[in-house]
Each structure stands twice: as C-alpha cells, then as structure tokens.
Amino acid sequence: MATAAEEPPGLQDLNSPAAGRHAAAAGASGGMSQAAKKTIGHRGIDPKGETTYKKTASSTVKGAIQLGIAHTVGSLTQKPERDVLLQDFEVVESFFFPSEGSNLTPAHHYGDFKFKTYAPIAFRYFRELFGIRPDDYMCSLCNDGLIELSNSGASGSLFYVSSDDEFIIKTVQHKEAEFLQKLLPGYFMNLNQNRRTLLPKFYGLYCVQAGGKNIRIVVMNNLLPSAVHMHSKYDLKGSTYKRRASAKEREKAIPTFKDLDFMQDMQEGLLLDGDKYIALCKTIHRDCLLLQSFKIMDYSLLLAIHNVDQAAAEAVAGTSDQRRPQGQKSLYSTAIESIQAEGGAMASMESEDETGGIPARNAKGERLLVYIGIIDILQSYRLVKKLEHSWKALVHDGDTVSVHRPRFYAERFEKFMCNRVFKKMPLKGSPSKKRRANGPGKKGVGFGPSLSTQSSISQQPPLSVQAGWDGVEGGEVDSAMQSDRPDLLPRTPAASGAASTPKAPLHSSAGAEASPVNPAVEGSDGTKDEEDSAPMRPAGPVDPQ
Ligand code: ATP
C-alpha cells in the first residue's frame, strides 16, 4: 500500500480537505531527499521530488498524453461516423511526435515519443454512447493541466484527474492493457445493451512510447467529484480476510477504509429508499454476472460518503471545505445514473442533487450522498497466475479454478453489498417517506423519489437475485465470506435471473481498414517492456451458470 511518506508533496488526494487543486496542478516540486526515493511498482519519486513512472517524469507523461490525445481525437473527426465493426477493436494507430515538430505535430519539450491509440473508432462510439462529444473530451483532457492524484493504490499506478473533474487517467500494466483489449468487444456489447452499470466506463486506451518505455493509460469516468467533500471512503470486496486499512493509511486526510472497517463503523449499513435499493442491487447483480462471465475477480466497490447534515453543521461552524471549482460540468456518468431503473422510471427517479450522489441515510438518520463504482477490474490476470501456482497441487481440473472461483467471488461481492453495505430503509418511519407526506424538502439534496416513481417501480417484477438470500435486510455473511481461502468454494447455485449475460465471445478475424497493428507484436520496434510477459488466460466470456 502506498504510504503518505512515499508521496511527493503537493499532490492532490481527490476529496482531501487539505488539497489545493491548482497547487497540485502546478506539479510537485522541491524538497524530496534522496533518502525518500522509494518506488512502488513503476511509480517512483525523483531527487527533485517529482513523481516518475518507469523513470519518466510525471510532467513529461502528462504533456505527452495531452499532445497525443489532442492529436488523435482531432484526426478522428476527419473520419466519417459509421457503425463499429468487429475489426475496429483490433486497430492500433500510432503517431510520431518528434520534439522539433512535424507537418502534423507541434514542437514540444518532452523528447521524441510515439503515441498509440487503441481501437479509436470503437472508443469514439462508446464516448458518444455516454454523451461525450469529441471537442468536450479534448477540452477536458487537453486544455488545462492534468492533476496528479496522491491517493494512488498499491499497484504503483499513476492517477491523474482532468482539471474539470470529469475524467480519471490511470497508468496500467502491459497485461492489464492487453486484457482490456481482449475484453473490449464483449464489454462494450454489454454497455450497448445496458448503460446502467457501475462498471468502469473506459473512454480510451493509449500508450506513450518514449525512451524505450511503454506507458499505457486508460481514461475512465471519475467517480468522486472533488467539489463534494467526502467524509469517508471505502474500498470494499466482500471479503474480511486482511481487509482493514493499515495504520499508515489511517494517517491520511481521507483514508481508504476496507470491509472490516465498514462493518465496524456502519453496522447498520447505508439505508436506501426501497426503489433505489432495488435498482442498485439489480445493477450490482448484472455487473457481477458480467464480471463472472469474463472470469474477472478481485474487483472492488469504491464507496465514498458525503454526510449532508454534517456538512451543513460544518458550514455553520465555518469548518467546511466544500469547494466548487469554476466551470465544472455535471459528470457524464454518475452513481445515481448507474442505478436508475430503465425506461419510464428513469426521469422520475432523477435526484435533485447535481453531483450525482445516491441519497441514503445512516443509522442516526443523517442524510448522506453516496458515490460508488466498481474499480480495478483489469487485474485478474495477477490472481489467475497466483492461483495457478497454489492450486495446481490441490486441484487437477483447471476449469474448477477458472470457472467456479469467479462465481464465488461475484456471489460473495453481491451478497455483501446488498446485505451488509446497502439496506432497504424500513418503510415505516422512513424519513423520506415522511418528507414526501409533508411536501418537498430543501432543494439540492434530493432524498427520495417522487410518488410517480414509486408506482412505476412497484410494477416491476421482484428481483430474482434476492430469492435465495438470507433476506434483504441484515442477512448474515455466510462462512465462506469470512475468508479468501480457496477451499471455501461456493456451495450455493449461481444466481439466476434478470441479468444480461453476454453471448458467445466475439472473435475478430479480418484485417482492419486502418492497417491494424497486432498488439502482440507491440514493442518489436525496439521498445522495452518491463512487465512480466507470462501468458495470460483468454478473456473470453464463460457461461456464468
Ligand atoms: P490497488 O492495487 O491497491 O488496488 P490500484 O493502483 O490498482 O491499487 P485502484 O484500486 O484502482 O488502484 O485505485 C486506487 C484509488 O484511486 C482508489 O481507492 C480511489 O481513491 C482512486 N480511484 C480509482 N479509480 C477511480 C475513479 N474511477 N474515480 C475516482 N477515484 C478513483
């Protein structure tokens, strides 16, 4: 786990009260001694105190990303709109950016580099699906400085947020990028069918090639609006094995707590209105089935809580740090949008809260806004590799590992989220129900749907996913949830029902019209990949049943 001591000064923890966004945007500087030069994975700190990734200064990485994205999005606008074809997922476009500039690229001071764009037409289509126009995408990412986040995880990735708060950029390892490429057709086929998802929205996959290094990045939706002060933040997996934040993590301004911390801090869970609870669990169920079908495990639910009543008290006391960055747009893909029911119920469920948080209550009845999303879905290959080592001696049938364990993970995750983390607010005494009876409350908080929503929701069939549970409220975590031990394989049948499971894997065949580069041979032009190149299991969907 990254520690505060390992982070250069001046970086921004998203939602950290102490964070000065623009100080961070200016970059970290000064004062870091050689002694503090520590590396985590590919992330390090140079003698001047600047973060590095694969020994490349963060400012260079940011500059190259911005030049590259501006160019690739600009050149895409010249290509006519058309349907996405299967071979579009295999296309890799490459532009050379000499430091002295060329007919097509501007002069710059980042050293010569190449910028690769993966599946440009496919990603363009999916950005459109989420209402992101090319000029907005380019403006968000390229007009102002990218802000480096200090709260990066243990994997050694670098995180940047766009200055308008819309997008997160994360560096990914070779295998993660490769995994995402394989995932893309099925993943996006599902997004096409169902946009109400908590899965990460990948808006672009790129690679900066410089100095013999490949720096791969994904652009994703930012789940945590920095204008909202998060009073607490959790990374939840549904496991209790070693799932407590470390002492070092707790020293941070806004630590990322884990499952055991949540169970201790919020024994009653987060209480949601019935319709929101149903919509959320439906989304989680569908997402888990999809992840299971791709044999993906080890993902987390990132959950951040803004306590509306606490914030109001802080504002009165003058201790509030609520920030409203100028010109901030509403997020393209927010938590509340992710869980809204399809069709007619959608509009009426709209929250009045403009930041996209899901209205909830804690056990004290305080009003909360909850920001959630599933993160870290590209790391399965690590776990698969680990499992291959430890399980070989125990399990002779490889399929038992690769098929059943993802189901176990998904079921445990879903059960934990829908039994322990989120709970249906009791109908009687539900503050939002009372409020409804008394007329609308304060604008800007958006607790509880309108009456019309209730009627449309109640017409929906009950969720089959709930059928086999201990009960939707406060069900006990079963023994298998107490540990990550592989001997605790699922004993329950797979959850069935409403999910939209992907069909057969899409196999690409024909050559692409834009002379695709086979990603497998990437690096053959002399660049060096530092990542482990052990073979990976295919990412094709399996039947989750
Ligand atoms: P680890 O190996 O510890 O899981 P990682 O480097 O893979 O870490 P993540 O777990 O993906 O990183 O994320 C680390 C932190 O970055 C999260 O706890 C969260 O605070 C922030 N983060 C990640 N993804 C997003 C996102 N889409 N929006 C906002 N914040 C995010």
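Going by this note's numbering, the first residue of the sequence shown is number 228, and it counts up by one from there. Just so it is clear, CB atoms sit at the ideal spot from N, CA and C, and this is done for glycine as well.
Next item on the list: Measure the CB-CB distance between Pro-361 and Val-318 and report whether it falls below 9 Å.
Entry: Residue numbering aside, residue 361 sits at position 134 when the sequence shown is read from its first letter. Residue numbering aside, residue 318 sits at position 91 when the sequence shown is read from its first letter. Result no, Cβ atoms of Pro-361 and Val-318 do not sit closer than 9 Å.
Next item on the list: Look up Gly-465 in the DSSP assignment and say whether it is helix, strand or coil.
Entry: Here residue 465 refers to the residue found at position 238 of the sequence shown. Reduced to three states, the DSSP call for Gly-465 is coil.
Notebook entry, point to check: Cβ-heavy atom distance between Ser-459 and the ligand ATP below 8 Å?
Noted result: Residue mapping note: residue 459 aligns to position 232 of the sequence shown, counting from 1. No, the ligand ATP has no heavy atom inside 8 Å of this Cβ.
Item checked: Local Cβ density within 10 Å of Ser-466, reported as buried at 16 or more and exposed below that -> Within the sequence shown, residue 466 is the residue found at index 239, counting from 1. It is buried - the Cβ of Ser-466 has at least 16 other Cβ atoms within 10 Å.
Next item on the list: May I have the straight-line CA-CA distance separating Cys-434 from Glu-478, to the nearest angstrom?
Entry: Along the sequence shown, read from residue 1 onward, the residue named residue 434 stands at position 207. Along the sequence shown, read from residue 1 onward, the residue named residue 478 stands at position 251. Using only the alpha carbons, I get a separation of about 34 Å.
Check: Does at least one heavy atom of the ligand ATP sit under 8 Å from the Cβ of Asp-462?
Finding: Taking the sequence shown and counting its residues from 1, one reaches residue 462 at position 235. The answer is yes for Asp-462.
Item checked: Heavy atom of the ligand ATP within 8 Å of Ala-381 beta-carbon -> Sequence index remark: in the sequence shown, residue 381 carries index 154 (1-based). Yes.
Check: Is the stretch 390 to 402 close to the stretch 335 to 345, with three or more CB pairs under 8 Å?
Finding: no
Notebook entry, point to check: Is Gln-494 helix, strand or coil when you go by DSSP?
Noted result: Taking the sequence shown and counting its residues from 1, one reaches residue 494 at position 267. Under the three-state reduction of DSSP output, Gln-494 falls in the coil class, being neither helix nor strand.
Notebook entry, point to check: So which of Ala-480, Asp-488 and Pro-482 has the shortest CA-CA distance to Arg-470?
Noted result: Translated into positions along the sequence shown, residue 470 becomes position 243. Among Ala-480, Asp-488 and Pro-482, the Cα nearest to that of Arg-470 belongs to Asp-488.
Checklist line | CA-to-CA distance, Tyr-352 to Asp-315, given in whole angstroms | finding: One-based indexing of the sequence shown puts residue 315 at position 88. One-based indexing of the sequence shown puts residue 352 at position 125. Between Asp-315 and Tyr-352, the C-alpha separation is close to 11 Å.
Check: Once you ignore the five residues that flank Ile-585 on each side, which residues in its own chain have a CB closer than 8 Å to its CB?
Finding: Position 358 of the sequence shown holds residue 585. Excluding sequence neighbours, Ile-585 sits near Leu-499, Lys-503, Leu-507, Ala-562, Ile-563, Ile-566, Ser-578, Leu-596, Val-597, Tyr-598 and Ile-599.
Margin query: Mapping the DSSP letters down to three states, classify His-512 as helix, strand or coil.
Written below: Reading the sequence shown from its first residue, position 285 is the one you call residue 512. Reduced to three states, the DSSP call for His-512 is helix.
Check: Out of curiosity, what's the CA-to-CA distance linking Lys-642 and Val-648?
Finding: The count along the sequence shown starts at 1 and reaches residue 642 at position 415. The count along the sequence shown starts at 1 and reaches residue 648 at position 421. Distance between the alpha carbons of Lys-642 and Val-648: 9 Å.
Check: What is the DSSP secondary structure of His-533, reduced to helix, strand or coil?
Finding: Your numbering for residue 533 matches position 306 in the sequence shown. In this structure, His-533 counts as strand in the three-state DSSP scheme.
Next item on the list: Determine, using beta carbons only, whether Asn-589 comes closer than 9 Å to chain D.
Entry: The displayed structure is made up of one protein chain only, and chain D is not part of it.
Checklist line | Near the ligand ATP: Asp-603 beta-carbon under 8 Å from a heavy atom | finding: As a first step, residue 603 is located in the sequence shown; it is residue number 376 there, counting from the start. Flag set: Cβ of Asp-603 near the ligand ATP.
Item checked: Exposed unless 16 or more other CB atoms sit within 10 angstroms - verdict on Tyr-468 -> Walking along the sequence shown from the start, residue 468 turns up at place 241. Tyr-468 should be labelled exposed.
Margin query: With distance defined between alpha-carbon atoms, name the residue in Asp-371, Ala-472, Lys-464 and Ile-481 nearest to Met-524.
Written below: Indexing the sequence shown from 1 puts residue 524 at position 297. Out of Asp-371, Ala-472, Lys-464 and Ile-481, Lys-464 has the C-alpha closest to the C-alpha of Met-524.
Check: Does the Cβ-Cβ distance between Ala-637 and Leu-518 come in under 9 Å?
Finding: Locating residue 637 in the sequence shown gives position 410, where the first residue counts as 1. Locating residue 518 in the sequence shown gives position 291, where the first residue counts as 1. Going by C-beta atoms, Ala-637 is nearer than 9 Å to Leu-518.
Next item on the list: Can you grab the Cα-Cα spacing for the pair Ile-604 / Leu-450, in whole Å?
Entry: Along the sequence shown, one-based indexing puts residue 604 at 377. Along the sequence shown, one-based indexing puts residue 450 at 223. Going by the C-alpha atoms only, they are around 15 Å apart.
Next item on the list: Quick one: grab the DSSP three-state call for Lys-642.
Entry: Indexing the sequence shown from 1 puts residue 642 at position 415. Here Lys-642 sits in helix by DSSP.
Margin query: So the candidates are Phe-324, Leu-385, Thr-344 and Ser-377; which of them puts its Cα closest to the Cα of Thr-283?
Written below: The residue labelled residue 283 in the question sits at position 56 within the sequence shown. Checking every option, the nearest Cα to that of Thr-283 belongs to Leu-385.
Item checked: Spatial distance of Arg-423 from Gly-328 (CA atoms) -> As a working note, residue 423 is residue 196 in the sequence shown. As a working note, residue 328 is residue 101 in the sequence shown. C-alpha separation (whole angstroms): 43 Å.
Next item on the list: Use the C-beta contact count for Pro-307: other C-beta atoms within 10 angstroms, 16 or more gives buried, fewer gives exposed.
Entry: Counting from 1 along the sequence shown, the entry for residue 307 is found at position 80. Label assigned to Pro-307: exposed.
Notebook entry, point to check: Should Val-543 go down as buried or exposed, given a rule of 16 or more other Cβ atoms within 10 Å for buried?
Noted result: Along the sequence shown, one-based indexing puts residue 543 at 316. Exposed.
Note to self: Can you tell me whether Ala-590 is buried or exposed? The criterion is at least 16 other CB atoms within 10 Å of its CB, across all chains shown.
What the structure shows: Residue mapping note: residue 590 aligns to position 363 of the sequence shown, counting from 1. Under this definition Ala-590 is an exposed residue.
Check: With respect to 8 Å, is the separation between the Cβ of Ile-374 and the closest non-hydrogen atom of the ligand ATP below this value?
Finding: On the sequence shown, residue 374 is found 147 positions in, with the first residue counted as 1. No, Cβ of Ile-374 sits at least 8 Å from all heavy atoms of the ligand ATP.
Checklist line | Whole-angstrom distance between Leu-418 and Pro-729, CA atom to CA atom | finding: Counting from one through the sequence shown, the residue named residue 729 turns up at place 502. Counting from one through the sequence shown, the residue named residue 418 turns up at place 191. Its pLDDT being 36, under 50, Pro-729 is placed unreliably in this model, and the value from its coordinates should be taken loosely. Distance between the alpha carbons of Pro-729 and Leu-418: 10 Å.
Item checked: Rounded separation between Gly-276 and Gly-295 - CA only -> On the sequence shown, position 49 is the one that residue 276 refers to. On the sequence shown, position 68 is the one that residue 295 refers to. Gly-276 and Gly-295: Cα-Cα distance of roughly 26 Å.
Next item on the list: Would you check if the distance between the CB atom of Ala-531 and the CB atom of Met-644 is smaller than 9 Å?
Entry: Here residue 531 refers to the residue found at position 304 of the sequence shown. Here residue 644 refers to the residue found at position 417 of the sequence shown. Not closer than 9 Å, so no.
Notebook entry, point to check: What did DSSP end up calling Pro-688 once you bin it into helix, strand or coil?
Noted result: Indexing the sequence shown from 1 puts residue 688 at position 461. Legend: pLDDT at Pro-688 = 31, less than 50; position of this residue unreliable, no value from coordinates given.
Margin query: Closer than 8 Å to a non-hydrogen atom of the ligand ATP - does that hold for the CB of Leu-528?
Written below: Within the sequence shown, the letter at position 301 stands for residue 528. Leu-528 Cβ: outside cutoff for every heavy atom of the ligand ATP.
Next item on the list: Kindly examine the ligand ATP and report whether one of its heavy atoms sits closer than 8 Å to the Cβ of Met-365.
Entry: As a working mapping, residue 365 is identified with position 138 in the sequence shown. Checking the Cβ of Met-365 against the ligand ATP gives no.
Margin query: Taking the beta carbon of Leu-331 as the centre, do at least 16 other beta carbons fall within 10 Å, making it buried, or is it exposed?
Written below: By 1-based counting over the sequence shown, the position of residue 331 is 104. So Leu-331 ends up on the exposed side.
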